[in-house]
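These protein sequences, in sequence, are chains S and U.
When the letters of the first sequence are read in order and numbered with UniProt numbering, they come out as residues 1 to 472.
When the letters of the second sequence are read in order and numbered with UniProt numbering, they come out as residues 1 to 472.
Below is one structure, written out as structure tokens, with a few remarks after it.
2 protein chains.
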Amino acid sequence: MTDTLSFALARDAGAPLADQIVRAVAARVDERLLRPGARMPSIRRFAASHGVSPFTVVASYDRLVAQGYLESRRGAGFFVRERQAQARGVPTAQPAQPAPVPAELDIAWLVRSMFRQAPLGLAPGSGVLPADWLDGPAVANALRALSRQNCDGLLSYGSPHGFLPLRQQLQLTLAELEIEAGPEQLVTTLGVTQALDLVARAFCQPGDTVLVDDPAWFLMFGSFAAMGLKVVGVPRLADGPDLARLAELAALHRPRLFVINSVLHNPSSTSVSAAKAFQVLRLAEQHDFLVVEDDIYCGLHPGGATRLAALDGLRRVIYLGGFSKSMAANLRVGFIATSRERAALLADRKMLATLSTSDIGERVVYKILAEGHHRKHLDRVRGRLDAARPGALRRLEALGMRVDPAPAAGMFLWVDAGTDTNALTARAMQHDLLLAPGSLFSPSQQPSTRMRLNLAALQDPGVWRFLEGRGD
Amino acid sequence: MTDTLSFALARDAGAPLADQIVRAVAARVDERLLRPGARMPSIRRFAASHGVSPFTVVASYDRLVAQGYLESRRGAGFFVRERQAQARGVPTAQPAQPAPVPAELDIAWLVRSMFRQAPLGLAPGSGVLPADWLDGPAVANALRALSRQNCDGLLSYGSPHGFLPLRQQLQLTLAELEIEAGPEQLVTTLGVTQALDLVARAFCQPGDTVLVDDPAWFLMFGSFAAMGLKVVGVPRLADGPDLARLAELAALHRPRLFVINSVLHNPSSTSVSAAKAFQVLRLAEQHDFLVVEDDIYCGLHPGGATRLAALDGLRRVIYLGGFSKSMAANLRVGFIATSRERAALLADRKMLATLSTSDIGERVVYKILAEGHHRKHLDRVRGRLDAARPGALRRLEALGMRVDPAPAAGMFLWVDAGTDTNALTARAMQHDLLLAPGSLFSPSQQPSTRMRLNLAALQDPGVWRFLEGRGD
């Protein structure tokens, strides 16, 4: 019973703790993780286990009773209420995949949908390119070549640092970005997601603050919150973070990490200027925090952008990369580049978390990179995005939706829809259309008129039919 | 600097905190994670960051100065001392893989070696079967078949629960063990290691106690300690845990989890009797803890053993399985079977930690299981182990080494060498031979006369030359 209630509360998320508790418990009842008739923990026990005041719990339970989620039985405590399934707007049958749409917009549900659903044409909120934009044949070829080799290497555990030839190949790739990192400075991971998880587990303690871009990639907010870290957003301007705010927040919170998309920032597709990159590093030095540079969109940039890791020589910057956006998300191959000492520590952490990663995906990526065709594939993808961008911008403008700043590269448009995008997203769901509202990218889940659109998905006329009719 | 010092202290590990600090800092100096001349954190800062008393830190630093690892500079604090590399017995050249052998037996070094080294003939301490015992051709065939299919499914993120056809196949496999679990009750993981990591992160808070078998699989001790969990061992007898001690420890520590190898326990290869399995479940009910049943050695058992998960119907038991021991370690495919509610929670946790796992390994395992040849492969492996066991037992007995109880199945012998196996392991290292001393499997790292031997590795005459000469 209490297991399903082990959610993390974000103390600095802007939303009052009671709101968060109400939302979390209600979502668990809606999703039937808490079954009708189940007994809730006592006020005192819930307060102790979540580190909140009993008053907060009383207020939360009362609101949940008012909303019909819980009932109070005299002398016996609080119980999940029996409700008519119809009244809650969920189907009475076994919920099939995808999960039923909740009546109100639920961020947790939206995040799950974002990854559970294959990126269809009608998922303009998706963060990945559709299958036909990616390099399926190259993946198939690499798998075929792999199956013809001696597979003995696949029978034993790999090195915790990762498949050595891939790390040697990455050394060359990184050198082109002026980042010098030997194979012993590289640790492969299950995508950038595991890289962020390992870095936070290695360098942070519960209660520590992590700075992130605001807006930024949403999954990391939940991941950090689950570790008991405070997530604080630094406003992101067209040329990088708001430096004055960064200095203030660094002085105030003494953060351990600042996680930043330097190049083709998600969701705005803007990049940090060289001058700002240098200032970010100065502030990192001054306030003694590490910079985690997430460069997952690297392959979609035409070149010439400044990496913090290149300026800093991987002293204070931990650089993350991966191939989910440009090659294939399902390979689950990412990597960390850092100092030799930190790489050894992170390889140990990786061993504790997953022993090792599989060499299969890493061998596939190695083959594709080593063959040299990947460059041409990236040129083609960039060409398609460049061809799609002006038309999409014009059409959005005609709808009164601003994209400011208009990006020169990348797959995302960070659109001001001029209307609350939480409501717009809820309407879009009625049309089986997955949007990514601005609130998703806000460290404090602030409602917003912004949303992220995926240029590749905007090729589908169905998306425009919805946007032009606004879903009504 | 402080990053390399972010190690976890095991408060209940038996070893005093100061000993742990001295060992951890010394190991980091030996491994050059802490460089000569580097400044140590102040006493107060170290104490605060590790949650220990400043007195403990003073005592630790003093001993490190005495041992020549640190030096104190008046008014300036403590620094890592410049030492002659020769004096420490490490090579002056860049350490190559495998890492240099430290002068004294270092558990962390040993654990890393256990997984970094390919399982050679001369690794009788290894926990996996050598490549020629595993099913390389089946893996290669599955990869080839996979490369001929439409690879579009590999281009997008998979489902956080894991590749559906594999989960449907696992439903059938588990039904043969009388464990009923639908696909929505299954979550795939990067081996049992990630399964344990996700379960502990989902159901425990820092400070909670986790019970484990004593002896048990060593990597889990470090993984739990890094999460701030207390690890307490329950003595393992020939037919399962010591129930009286389990009841006492459960009452004393109010643990959240009891992690148990019910079948072919690592390292003893013994299994829990049906009667004991039932009693363990009763104690779990009485003391309100979850049982995590790690059945990674399932494929090596001829059949007929009782699973706790079968008795309990996955109400209080979380069942873990995987294919590293019987198919190929590098596929990194494991799974969790639990209630539908817990599976949904764990899939969310998995999403936060690694987004998803790669379908590739899961498709390979699915193909191999679905083709039906895997059963025959397992029969052959069991046959080879059964053929090797009696001779090995006789030969060990002739050396005065007892194996009690002598197992009837499985790949391990839990041998009483009649001498301190830490010392024996240190001597073995001089002969490039990797042993697994009993201390490694002890939750409190107690020195022991036991060690774990891998039957497959005992086929190599070099191992016997060492054991018979005792490395002198």
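Yeah, the Cβ is synthetic: ideal placement off N, Cα and C, and Gly gets one too.
Quantities reported herein were computed from a predicted structural model and do not represent experimental measurements.
Residue environment for Ala-251 (chain U): exposed (fewer than 16 other C-beta atoms within 10 angstroms of its C-beta).
The segment 259 to 267 of chain S makes contact with the segment 409 to 419 of chain S; the number of CB pairs closer than 8 Å reaches 3 or more.
When DSSP assignments are scanned along the segment 198 to 259 of chain S, the uninterrupted stretches of beta strand (DSSP E) that are 3 or more residues long and fall wholly within it turn out to be 209 to 214 and 230 to 237. Residue-level contact by beta carbon fails for Glu-285 (chain U) and chain S, as no gap is shorter than 7 Å. In this structure the segment 312 to 330 of chain U touches the segment 128 to 140 of chain U; the number of beta carbon pairs closer than 8 Å is three or more.
In terms of beta-carbon proximity, Gly-321 (chain U) stays away from the interface with chain S, with every pair separated by 7 Å or more.
Excluding five sequence positions before and after Asp-348 (chain U), the CB atoms of its chain that fall closer than 8 Å to its own CB belong to Pro-160, given in chain order.
The continuous alpha helix (DSSP H) containing Met-351 (chain S) extends over residues 340 to 354. The alpha-carbon of Glu-178 (chain S) is positioned some 24 Å away from that of Leu-243 (chain S). Between Asp-294 (chain U) and Val-187 (chain U), the CB-CB gap reaches or exceeds 7 Å. Linking Ser-42 (chain U) to Leu-5 (chain S) through their CA atoms gives a straight-line distance of about 40 Å.
The criterion of a C-beta distance shorter than 7 Å is satisfied by Val-259 (chain U) and Val-292 (chain U). 7 Å or more divides the Cβ of Gln-194 (chain U) from the Cβ of Tyr-366 (chain U). About 6 Å separates the CB atoms of Ala-417 (chain U) and Met-451 (chain U); that is less than 8 Å, so the two are in contact. For the segment 184 to 198 of chain U, the beta-carbon criterion of a distance under 7 Å to any beta-carbon of chain S is satisfied by Leu-190, Gly-191, Thr-193, Gln-194 and Asp-197.
Remark: C-beta atoms of Leu-393 (chain U) and Gly-125 (chain U) do not approach each other more closely than 7 Å. Distance between Pro-241 (chain U) and Ala-247 (chain U), taken at the CA atoms: about 10 Å. Note that the C-beta distance between Leu-355 (chain U) and Ala-202 (chain U) is not below 7 Å.
For Ala-305 (chain S) against Thr-270 (chain S), the beta-carbon gap comes to about 10 Å, at or over 8 Å, which does not count as contact. The C-beta distance from Arg-340 (chain U) to Glu-180 (chain U) rounds to 12 Å, too long to fall under 8 Å, and the pair is not in contact. Contacts with chain S at 7 Å (Cβ-Cβ) include Ser-358 (chain U). Interface with chain U (7 Å Cβ-Cβ cutoff): Thr-421 (chain S) is excluded. Counting along the chain, no alpha helix (DSSP H) covers Trp-133 (chain U), and no H or E run does either. Using a Cβ-Cβ cut-off of 7 Å, Cys-298 (chain S) does not count as an interface residue toward chain U, since no Cβ of chain U sits closer than that to its own.
Chain U has a Cβ within less than 7 Å of the Cβ of Gly-136 (chain S).
Sequence-distant Cβ neighbours of Val-65 (chain S) in its own chain, meaning closer than 7 Å and more than five residues away, are Glu-71 and Ser-72.
The beta carbon of His-373 (chain U) is closer than 7 Å to those of Ala-138 in its chain, skipping five residues each way along the sequence.
Residue pairing from DSSP places Thr-189 (chain S) in a beta bridge opposite S:Gly-334. The Cβ of Val-57 (chain U) sits no closer than 7 Å to any Cβ of chain S. Looking only at S:Ala-310, S:Leu-9 and S:Leu-424, the smallest Cα-Cα distance to Glu-176 (chain S) is reached by S:Ala-310. Note that the C-beta distance between Leu-455 (chain S) and Ala-388 (chain S) is below 7 Å.
Excluding residues up to 5 positions away in sequence, Lys-367 lie with their Cβ nearer than 8 Å to the Cβ of Ala-145 (chain S) in the same chain. The beta carbon of Ala-200 (chain U) lies closer than 8 Å to those of Val-210, Ser-223, Phe-224, Met-227, Leu-229 and Leu-257 in the same chain, with the five residues before and after it left out. Near chain U, meaning a CB-to-CB distance below 9 Å, no residue of the segment 366 to 389 of chain S qualifies.
Look at the segment 224 to 253 of chain U: the residues with a C-beta under 7 Å from a C-beta of chain S are Ala-226. Closest by C-alpha distance to Arg-384 (chain U), out of U:Arg-35, U:Leu-154, U:Ala-457 and U:Gly-51, is U:Ala-457.
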